[in-house]
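Protein chains: 2
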Amino acid sequence: MATIRDVANLAKVSVATVSRVLNDSGYVNNKTKTRVLEAMRELHYTPSTIARSLNNKRTKTIGLVVPDITNPFFPELARAVEDVAQHDGYTVILCNSDEHVEKERRYFEVLKQKYIDGVILASNADQNPDVYLQMPVVVLDRKVNERIPTVVAKNREGGRLAVQHLEDVGCTRIAHIAGPQRIKSAEDRKLGYLETVSDQPWYSPDYIVHAEFDIKHSEEATTELLAAHPEIDGIFAGNDLMAVGALKAIHRYGKKVPEDIAIIGFDNISLTTTLVPELSTIAQPLYEMGSLATRLLIQHIEQRGNHEHTDQHLDHDLNRCYELDIELIVRASTARKKHVTQMKALNIQE
Amino acid sequence: MATIRDVANLAKVSVATVSRVLNDSGYVNNKTKTRVLEAMRELHYTPSTIARSLNNKRTKTIGLVVPDITNPFFPELARAVEDVAQHDGYTVILCNSDEHVEKERRYFEVLKQKYIDGVILASNADQNPDVYLQMPVVVLDRKVNERIPTVVAKNREGGRLAVQHLEDVGCTRIAHIAGPQRIKSAEDRKLGYLETVSDQPWYSPDYIVHAEFDIKHSEEATTELLAAHPEIDGIFAGNDLMAVGALKAIHRYGKKVPEDIAIIGFDNISLTTTLVPELSTIAQPLYEMGSLATRLLIQHIEQRGNHEHTDQHLDHDLNRCYELDIELIVRASTARKKHVTQMKALNIQE
DNA sequence: TTGTAGGCGTTATCAG
DNA sequence: CTGATAACGCCTACAA
Chain Y
3 MATIRDVANL
13 AKVSVATVSR
23 VLNDSGYVNN
33 KTKTRVLEAM
43 RELHYTPSTI
53 ARSLNNKRTK
63 TIGLVVPDIT
73 NPFFPELARA
83 VEDVAQHDGY
93 TVILCNSDEH
103 VEKERRYFEV
113 LKQKYIDGVI
123 LASNADQNPD
133 VYLQMPVVVL
143 DRKVNERIPT
153 VVAKNREGGR
163 LAVQHLEDVG
173 CTRIAHIAGP
183 QRIKSAEDRK
193 LGYLETVSDQ
203 PWYSPDYIVH
213 AEFDIKHSEE
223 ATTELLAAHP
233 EIDGIFAGND
243 LMAVGALKAI
253 HRYGKKVPED
263 IAIIGFDNIS
273 LTTTLVPELS
283 TIAQPLYEMG
293 SLATRLLIQH
303 IEQRGNHEHT
313 DQHLDHDLNR
323 CYELDIELIV
333 RASTARKKHV
343 TQMKALNIQE
Chain E
3 MATIRDVANL
13 AKVSVATVSR
23 VLNDSGYVNN
33 KTKTRVLEAM
43 RELHYTPSTI
53 ARSLNNKRTK
63 TIGLVVPDIT
73 NPFFPELARA
83 VEDVAQHDGY
93 TVILCNSDEH
103 VEKERRYFEV
113 LKQKYIDGVI
123 LASNADQNPD
133 VYLQMPVVVL
143 DRKVNERIPT
153 VVAKNREGGR
163 LAVQHLEDVG
173 CTRIAHIAGP
183 QRIKSAEDRK
193 LGYLETVSDQ
203 PWYSPDYIVH
213 AEFDIKHSEE
223 ATTELLAAHP
233 EIDGIFAGND
243 LMAVGALKAI
253 HRYGKKVPED
263 IAIIGFDNIS
273 LTTTLVPELS
283 TIAQPLYEMG
293 SLATRLLIQH
303 IEQRGNHEHT
313 DQHLDHDLNR
323 CYELDIELIV
333 RASTARKKHV
343 TQMKALNIQE
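Protein sequences appear in the order of chains Y and E. Here this note's numbering is used: the first residue of the first sequence is 3, the next is one more, and so on. Here this note's numbering is used: the first residue of the second sequence is 3, the next is one more, and so on.
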């Protein structure tokens, strides 16, 4: 591989000059500039990022920590992250934490050693937020700490919307398969549920069961739930994957969706439209969340460089939590009885 | 961040000595060794990978190029890759090529600049194989070139198995929704299909339609196919995603799976079990493929270091194409009429 | 067994 | 405008 020195020799200038045209910093005569450029072309020269990083301390690389890329929720985020990273000249290192504290720590160690510029964290096994303050971090789809920029959806409102929709389609006994209590967004969705139903006469705390954010655990939980409470006619699942589990449990239990039990999920991952029946859900703007988080992180990284804090044009405020809008998506899994919401819509149109 | 020099000072030795204990290379007195180790601990010292890479020319980083991580086929591979990499101290850079030559080339450029140690390629937009010979590469789920180590499944045999299974369950007009002709594995599956049915009296080339490896295109293709050939009673889809598309088309067409049309996919991605009906498929050992590819790549990388070619214990032969076994998975989407295969199995057991 | 010194490829700081 | 030269943090002969 050709080095900057080779280029300098060929162009009969010093390495300093080559460096200057490389970064177009400082003055450099137009003629010598073209000479240098030609030399670079001739030698197929590309600067070594590594060598650069050695004095920069910046690598144009960010880490993306997710629990498990195999969970269909994360590829969509990952794709968004990668897209904007790529756009801004950054490269993304993928890390699967499995929500294990140890694994997560090891990753942070490695990422630090590699002089990674920052991390997008969509998994926080470590309950101690300080761990995440060692370098620029943006938290995605979780809440960890006020001091860390965060991107989430309006989970609580989503919970409300989901339950209201179930009520609208005529459900009168609505249960909630909630995600893990250690995960803030799961708790928020649960709050939305509670807010809406806790003063209903039929409500009982037993209508809430907890499970991991996956199909299997949700299926088990739903099975127990149905056994204990056969009167249930609506289920709000903590996310789409859990909704699939619920769907399976209901199916095995011999009831029908949506006729006997209506079901709504959360996230709007692509899986929702491959199911039969297609799954109603609360859509999070996944791609937007991923790309916003990445833009925040990159801004964070790049403004650390300018220590003068040139507040001239900070696109985003890094000291706040961005809560993005959610949206109710009605599909077959709640297409049931009189659909009040739809009727409202029709009235408006008439 | 503490540097090697800080450690040296604190331990009252030279940097060389510290370096030695770091890599336990060369001789170093036990006492001084412990002294150094303590100094390292005290300073929370971790060596800078960047600085190391500058003379090594190795970064302990590999690239993973996939068409689109959002396609549910790839997360499972990615996970395997990441697991093995992580185990061996490597880090994975994720690249989405969208099968665009330009994007792919840009990635290779960037990866080279970053002194990436090697690449796992699960997408080859570039038809010129030489592009991939600039650094250690292992091709996964594709075939590009004899000279590049490759890991694939027995696609052709899988095609045969799929079609035979459809015949076994009583299908007599079997169509094939084939993947893109530019993709070797898709072509191989098609060959398996052809091999099995081309001498059947009912066979017609019209029974093969091509589409992209995704739901939407497959749905369209299937719709046309059904319109032209309503007599079809079995479909072998080029992969599971395409099977979903076919499922949808059939559903919209008003026919039933598996009663009217049996359907089988390929890959055995997790989606197959969330569908109703669950999808029969030819299982590729995805995780195994990903991990084997990664082990091959790492071996490739590390044996480049030992220029003496210490053939003492080369686990794998890097000059061949690994074709991994596939397996027929029977589920509801082909549970139809008399299931000859199952009967055979029963006979054996009796 | 330990230390010195040069080099990996760039950038940044000074002089010219 | 351009050119030496010292970092950046580590490794590796080569000496001692």
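C-beta atoms are modelled at their ideal positions from N, C-alpha and C, and glycine is treated no differently. The structure displayed is predicted, hence computed values, not measured ones.
- For residue 277 of chain E, the chain Y residues whose C-beta falls within less than 8 Å of its own C-beta are 276, 277 and 278, listed in chain order.
- For residue 130 of chain Y, no Cβ of chain E is located within less than 8 Å of the residue's own Cβ.
- Around residue 194 of chain Y, the same chain offers 157, 158, 159, 160, 161, 162, 163, 164 and 165 as residues with beta carbons nearer than 8 Å, after the five sequence neighbours per side are excluded.
- Taking each of E:31, E:35, E:27 and E:50 in turn and checking the Cα distance to residue 6 of chain E, the smallest one comes out for E:50.
- Assigned with DSSP and collapsed to three states, residue 329 of chain E falls in strand.
- Setting aside the 5 residues that flank it on each side, residue 210 of chain E is surrounded in the same chain by 178 and 180, each with a C-beta closer than 6 Å to its C-beta; the list follows chain order.
- Per DSSP, reduced to three states, the secondary structure at residue 61 of chain E is coil, with no helix or strand assignment.
- Within the DSSP secondary-structure output, residue 269 of chain Y pairs in a beta bridge with Y:285.
- In its chain, beyond the 5 residues on either side, 282 have a beta carbon closer than 6 Å to the beta carbon of residue 332 of chain E.
- Taking each of Y:79, Y:62 and Y:330 in turn and checking the Cα distance to residue 52 of chain Y, the smallest one comes out for Y:62.
- In summary, residue 134 of chain Y is buried, with 16 or more beta-carbon neighbours lying within 10 Å of its beta-carbon over all protein chains present.
- Here residue 323 of chain E is exposed: its Cβ has fewer than 16 other Cβ atoms, across all protein chains shown, within 10 Å.
- In this structure residue 48 of chain Y is in contact with residue 111 of chain E, their Cβ atoms being roughly 7 Å apart against a cut-off of 8 Å.
- The Cβ atoms of residue 260 of chain E and residue 335 of chain E lie closer than 8 Å to each other.
- Within the stretch 155-187 of chain Y, the complete alpha helix (DSSP H) segments at least 4 residues long are 157-170, listed from N- to C-terminus.
- Residue-level contact by beta carbon fails for residue 207 of chain E and chain Y, as no gap is shorter than 8 Å.
- For residue 247 of chain E, the enclosing alpha helix (DSSP H) has its first and last residue at 242-255.
- Rounded to the nearest whole angstrom, the CA to CA distance from residue 185 of chain Y to residue 199 of chain E is 53 Å.
- Proximity of residue 93 of chain E to chain Y, defined by a Cβ-Cβ separation below 8 Å, is satisfied.
- Around residue 246 of chain Y, the beta-carbon contacts reaching into chain E at under 8 Å are 276.
- In this structure residue 66 of chain E touches residue 96 of chain E by the C-beta definition: roughly 6 Å separates them, less than 8 Å.
- Residues of chain Y whose Cβ lies closer than 8 Å to the Cβ of residue 52 of chain E are, in chain order, 52, 55, 56, 61, 116 and 117.
- Non-local C-beta neighbours of residue 190 of chain Y in its own chain, meaning closer than 6 Å and more than five positions away in sequence, comprise 157 and 158, ordered along the chain.
- Look at residue 96 of chain Y here: in three-state DSSP terms it is strand.
- Closest in alpha carbon position to residue 295 of chain E, among E:23, E:12, E:319 and E:236, is E:319.
- Approximately 7 Å separates the beta-carbon atoms of residue 9 of chain E and residue 38 of chain E; this is inside 8 Å, confirming the contact.
- Here residue 324 of chain E carries a strand assignment [DSSP, helix/strand/coil].
- As computed with DSSP, residue 264 of chain Y is found in a beta bridge with Y:236.
- In the structure shown, residue 318 of chain Y falls within a coil segment according to DSSP collapsed to helix, strand and coil.
- Separation of residue 140 of chain E and residue 148 of chain E (C-alpha to C-alpha, rounded to the nearest whole angstrom) is 11 Å.
- Residue-level contact by beta carbon holds for residue 273 of chain Y and chain E, with a gap shorter than 8 Å.
- One Cα belongs to residue 321 of chain E, the other to residue 58 of chain E, and the distance between them is close to 26 Å.
- When Cβ-Cβ separations below 8 Å define contact, residue 112 of chain E makes contact with chain Y.
- Non-local beta-carbon contacts of residue 20 of chain E in its own chain, meaning distances under 6 Å to residues more than five positions away in sequence, involve 6, 9, 10 and 38 in chain order.
- For residue 212 of chain E, the enclosing beta strand (DSSP E) stretches over residues 210-212.
- Within the DSSP secondary-structure output, residue 120 of chain Y pairs in a beta bridge with Y:64.
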